[in-house]
Each structure stands twice: as C-alpha cells, then as structure tokens.
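Undergrad: The opening residue of the sequence shown carries number 2 in the working numbering; numbering runs sequentially from there.
What follows is a single structure, and I will ask about it in a moment.
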Amino acid sequence: MSEVDFLNDAIAERFGFVRRARGPFLYTQKGVRLTDLYRDAGRAVLGWGGTGAFTMFKNVLSRGLTGSFPTCFSGRLLKAVETLLDSKRKIFVFNDRQKALSAAVVISSEETFFWKPWSPEGVVWSSADCVIVEPPLAWTPGIFILAVLDNEKNEAALAGLALSSVRISAAVEAACARSIYDIILAVQSKSEKDWFIYDTVLTKYWERRGPYLYPKVPKEKYREFAEHCLDCAVVVSPFYDVPGIVPFGADPGVFSALKKKPFVMEKI
Numbered sequence: 002m003s004e005v006d007f008l009n010d011a012i013a014e015r016f017g018f019v020r021r022a023r024g025p026f027l028y029t030q031k032g033v034r035l036t037d038l039y040r041d042a043g044r045a046v047l048g049w050g051g052t053g054a055f056t057m058f059k060n061v062l063s064r065g066l067t068g069s070f071p072t073c074f075s076g077r078l079l080k081a082v083e084t085l086l087d088s089k090r091k092i093f094v095f096n097d098r099q100k101a102l103s104a105a106v107v108i109s110s111e112e113t114f115f116w117k118p119w120s121p122e123g124v125v126w127s128s129a130d131c132v133i134v135e136p137p138l139a140w141t142p143g144i145f146i147l148a149v150l151d152n153e154k155n156e157a158a159l160a161g162l163a164l165s166s167v168r169i170s171a172a173v174e175a176a177c178a179r180s181i182y183d184i185i186l187a188v189q190s191k192s193e194k195d196w197f198i199y200d201t202v203l204t205k206y207w208e209r210r211g212p213y214l215y216p217k218v219p220k221e222k223y224r225e226f227a228e229h230c231l232d233c234a235v236v237v238s239p240f241y242d243v244p245g246i247v248p249f250g251a252d253p254g255v256f257s258a259l260k261k262k263p264f265v266m267e268k269i
C-alpha cells in the first residue's frame, strides 16, 4: 500500500469521506474538521479553495476552453514564471518530474534548482540557469515547468536538445499562471509571525524551517505517529521525507487534542 493510499484509508475509516475542503481544513462526513498539514505535498500550500487560481479556472472552464488550441491565455504562464523568478526565461512544460530534471541538468548541472516558496536554502532565483517550478495548484499533479534563463550560454545548450512542451488546456494554463501570482503575493505577505504561533505544540515533533515541518519522530515510528495525529484530527504528510506545512491562519487551538494527548517517542 502506498503512503497516500494509507492516508486516505485511515481518514475514511475514522471520519468517512471528505465532504468539503477550505483553507487548511478538511470537513468530513462524520462532522469532524481535520487540520491538514500535508496539503497534497505542497500543491495546496496556500490552502484548499478560496484562491484566485480556482476562480480563474472556473471562469475559463465556463467558456469551454478545455482544449490545447491557442487562446488569449497563451503566454500568461511564461509571464507569471518570469515575474516569479524576476528574470527573462524560456519555459518548457513537462508532465514528469524526472524528465524535467533530466533536461535541466543537461543544460546546467551546477545551476539547477526546484523552486520552493520561503526556501531556506537562499537560492538567488533570478540568476539560476534552470529552475523547475511546480505550480501551487492542487488540481494539477504532474505539471512541472522548466524555466531556463535566457542567455547565450543556455541558448547554445538548448539548440542541441530540441525540447518541446506538453500542451495543456487554456483553463489549466490560466489557473497555473494565477496560482503563481497567488504565491508571489503570499511570499510577500507571510513570514515568521504567521508560523511561530504553532511552535508550542509542533516543535516537539517537528523541526520547523520557515513554514515547513520536518519530523523529529524516528522513521520507524512515523506511521504510528501519523495515525496518532489523525486520532487528534490532524493530517500529517504520509511521506517521511516530504515536509508538512503549518496551517496558515488557523487558530493554535486546532492542536489542543494533540497537546492533551502527546505522542510518546523513543529517544533518538
């Protein structure tokens, strides 16, 4: 059983189906509200629904623009990525993470990075040769944008690769572009003041780096810990190596059950 299957089964067994999702919360069939720290491996980093990206998606969808033909939305994704990285770029859309990475390292093995909001690594995105961006849109698993810095060196490398983009529909392209603008605004407005308020409970089990949560729980006990958190109405990342995310905007009281019923860890 995969980690995601385990998580879904564990939620369904305890709470029934998820009927609605909003912000950092999942509302279940049995009337229990779950605080979601997983957020689809970060694709819903800003929370579920309520963002401009989904409004844009709905509006374009209502116009029937679901094909891969050229529309007035063509080119918006490039502009959004260039705004995000503050540099001129050539972009290529892949539906596979490894394919995007393989192409990037051929162009620049030393200057290839995966973009991550509030990244603790201190990468200067504007000067990086290759940046792989996964739009923060939970509707679209499997969209990876390789953004290549537009200069003569990279142009020469691209000439020998003959890369081409996967075609995506106008609705998805418009929503992805808007999701990038949404995250740009969030990066500018959210900071340590929005994250440290949860430390009293969370730092017992995770090391927090910015909004990201890296487990302190031993790997061999992590699944047991994940089930314990579910019993406390908290959804954690099912993957040990995929960090959780603090629940922006939620009251710290959402962790009261976990505080009252702590998980017992062996000393590392």
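Backbone N, C-alpha and C define an ideal beta-carbon position, used for all residues, glycine too.
May I have the straight-line CA-CA distance separating T72 from A171, to the nearest angstrom?
TA: 7 Å
Undergrad: Taking only three categories from DSSP, how would you classify K91?
TA: strand
Undergrad: Assuming the contact rule is C-beta atoms closer than 8 Å, I169 and P118 should be a hit. Round their C-beta distance to whole Å, please.
TA: In fact, because the Cβ distance is near 22 Å, the residues do not count as touching under 8 Å.
Undergrad: Is S128 helix, strand or coil when you go by DSSP?
TA: In the structure shown, S128 sits in a helix (DSSP, three-state: H, G or I).
Undergrad: Suppose the cutoff is 6 Å on Cβ atoms and the five residues either side in sequence are ignored; what does the same chain contact list for F58 look like?
TA: Excluding positions up to five away in sequence, the list reads A172, A176.
Undergrad: Straight-line CA distance for R77 to A178?
TA: 6 Å
Undergrad: So, is R40 buried or exposed, given that buried needs 16 or more other C-beta atoms within 10 angstroms?
TA: buried
Undergrad: Per DSSP, V134 is paired with what?
TA: I146
Undergrad: Can you tell which of R98, L164, V46, A13 has the C-alpha that lies nearest to the C-alpha of G245?
TA: V46
Undergrad: Within its chain, find whatever has a CB closer than 8 Å to the CB of I269; leave out the 5 residues flanking it on each side and keep chain order.
TA: Only weak support is given to the placement of I269: the predicted model assigns it a pLDDT of 45, under 50, and the value that follows is read from those uncertain coordinates. Correct list, in chain order: K217, P219.
Undergrad: Roughly how far, in whole angstroms, is the beta-carbon of F16 from the beta-carbon of Q30, given that I think they are within contact range, below 8 Å?
TA: 7 Å
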